[in-house]
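Counted from 1, the sequence shown has number 19 at position 16 by our numbering; the numbering is strictly sequential.
Please read the structure below before turning to the comments.
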Amino acid sequence: MSYEVELKLDIQEADIERFLTLAWLHSSQNLEQQPDRYLENTYYDSPSFALLENKAALRTRKAGERYYQTLKTKGSSVGGLHQRGEWEYPISAPEGDNPPALQPDLFPADAWPSGVEVADVVPIFTTNFARKTWIWTSVRASKVEIVLDKGHVSARKGQAAICEIELELLSGNPECLFDLAEAINLNIPLLISDVTKAQRGFDLLSPGRWTVFRESLESQGTLNQLTAIIQHLMDSELLPDALPDVALSLVNEGGLPAMDVLPWLLLTQSGKIDFSLRTQWLLRLARHAWLLGNKDK
């Protein structure tokens, strides 16, 4: 098993060309471009969504002429940084137009969710997208895979667009993911997201079935309140009336630096924050949340 640690960022389709022409992508000695790929993915679950109920995702992937089978577990998210268990194995190519045959016996016995019958698992939706990839090495020798994905999710009830950048830690300190996101965001506005490709598929099939816990601004504890602010900024450009008071209380209690709250509140008007300011503020707050959530580890 490996642990996937990544920061997921939404990019507006209109900004993709500008991202691809960034001088840094073509001139940095710390960046290595990888071959472009087109990935065809099929997600599986039982008709009653037993895997989803266990917070697990199962997929097969075609990359070139090779096929892979992947199981991901629930994991955790702190400050928008996703961390979860992942098992991936090569599998045999399918025969004809049939989907690849699942080989669940490849997974460790304790990885497969209990109570889920393998015989009940069937294909339920697909995600197909073009992927551009770069490997970045930080000045402190951390390595990050930068991925740009553009495509769509398809289910029997329709399609949804995929347009996102993922920063996945290959080695080193996870904090470098925020460094990199902030550097890119100086030129291209990115929005931290906690919506996975799997969630987009399940939302097409059964809206509301995939639930992501949302903290309340009335929650107790610095990290919980900070998480609530971050989640509100991810979800909407409208700031709830209570948000400024909660943010200021975190400053007064020493949970947040004043410089990461006061200027941003001054720049908001009528409870609304524009996209560029929203993305900058989100990245600052998300870094603090991650540091706070990991300070005792």
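Each residue gets a CB set at the ideal place from its N, CA and C atoms; glycine is no exception.
- Measure the alpha-carbon distance for LEU246 versus LEU194 and round it to whole angstroms. By one-based count along the sequence shown, residue 246 stands at place 243. By one-based count along the sequence shown, residue 194 stands at place 191. In a straight line, the C-alpha of LEU246 is about 19 angstroms away from that of LEU194.
Taking 8 angstroms as the threshold (C-beta atoms), are ARG212 and PHE110 in contact? Along the sequence shown, one-based indexing puts residue 110 at 107. Along the sequence shown, one-based indexing puts residue 212 at 209. Contact flag unset, no.
Own chain residues within Cβ distance below 6 angstroms of TYR92, not counting five before or after = For the purposes of this step, residue 92 is taken as the residue at position 89 of the sequence shown. Excluding residues within five positions, the ones whose Cβ falls inside 6 angstroms are GLN72 and LEU109.
What would DSSP say about SER239, mapped onto helix, strand or coil?
Your numbering for residue 239 matches position 236 in the sequence shown. Here SER239 sits in coil by DSSP.
CB-CB length for GLU218 against ALA201, believed under 8 angstroms = Taking the sequence shown and counting its residues from 1, one reaches residue 218 at position 215. Taking the sequence shown and counting its residues from 1, one reaches residue 201 at position 198. 22 angstroms between Cβ atoms; not a contact.
*asked:* Quick check on the burial criterion: 16 or more other C-beta atoms within 10 angstroms. Buried or exposed for GLN37?
replied: As a first step, residue 37 is located in the sequence shown; it is residue number 34 there, counting from the start. So GLN37 counts as exposed.
| Measuring CB to CB, does LEU236 end up less than 8 angstroms from LEU285? | One-based indexing of the sequence shown puts residue 236 at position 233. One-based indexing of the sequence shown puts residue 285 at position 282. It is a contact, given that the beta carbons lie within the stated cut-off.
As an exercise, report each continuous beta strand (DSSP E) stretch of at least 3 residues that is fully enclosed by the region 186 to 255, in chain order. Listed in chain order, the complete beta strand (DSSP E) runs (minimum 3 residues) inside the region 186 to 255 are 193 to 195.
Item to complete: Provide the residue(s) that pair with ARG40 in DSSP beta bridges, ordered along the chain.
Response: For the purposes of this step, residue 40 is identified with residue 37 of the sequence shown, where counting begins at 1. In DSSP, ARG40 forms a bridge with ARG134.
- ASP277, buried or exposed, once every other Cβ within 10 Å from all chains shown has been counted against 16: In the sequence shown, the residue the question calls residue 277 occupies position 274. When all chains shown are included, ASP277 counts as exposed.
- Message: Within 8 angstroms, do at least three Cβ pairs link the region 253 to 272 to the region 174 to 182?
- Response: no
Query raised in the report: If we count the other Cβ atoms within 10 Å of its Cβ and call it buried at 16 or more, is GLN32 buried or exposed?
Result: Your numbering for residue 32 matches position 29 in the sequence shown. Per the 10 Å Cβ criterion, exposed.
| said: Taking 7 angstroms as the cut-off, is the C-beta of THR199 nearer than that to any heavy atom in the ligand ATP? | reply: This structure lacks the ligand ATP; in fact it carries no ligand of any kind.
Cα separation between SER244 and THR24?
-> Start at 1 with the first residue of the sequence shown, and residue 244 comes out as number 241. Start at 1 with the first residue of the sequence shown, and residue 24 comes out as number 21. Per the sequence shown, residue 244 should be read as Asp rather than Ser. Straight-line spacing of the CA atoms in ASP244 and THR24 works out to 40 angstroms.
Would you kindly work out how many angstroms separate the C-alpha atoms of GLU171 and GLU185, rounded to a whole number? Locating residue 171 in the sequence shown gives position 168, counting from the first residue. Locating residue 185 in the sequence shown gives position 182, counting from the first residue. Looking at the two C-alpha atoms, the distance is approximately 15 angstroms.
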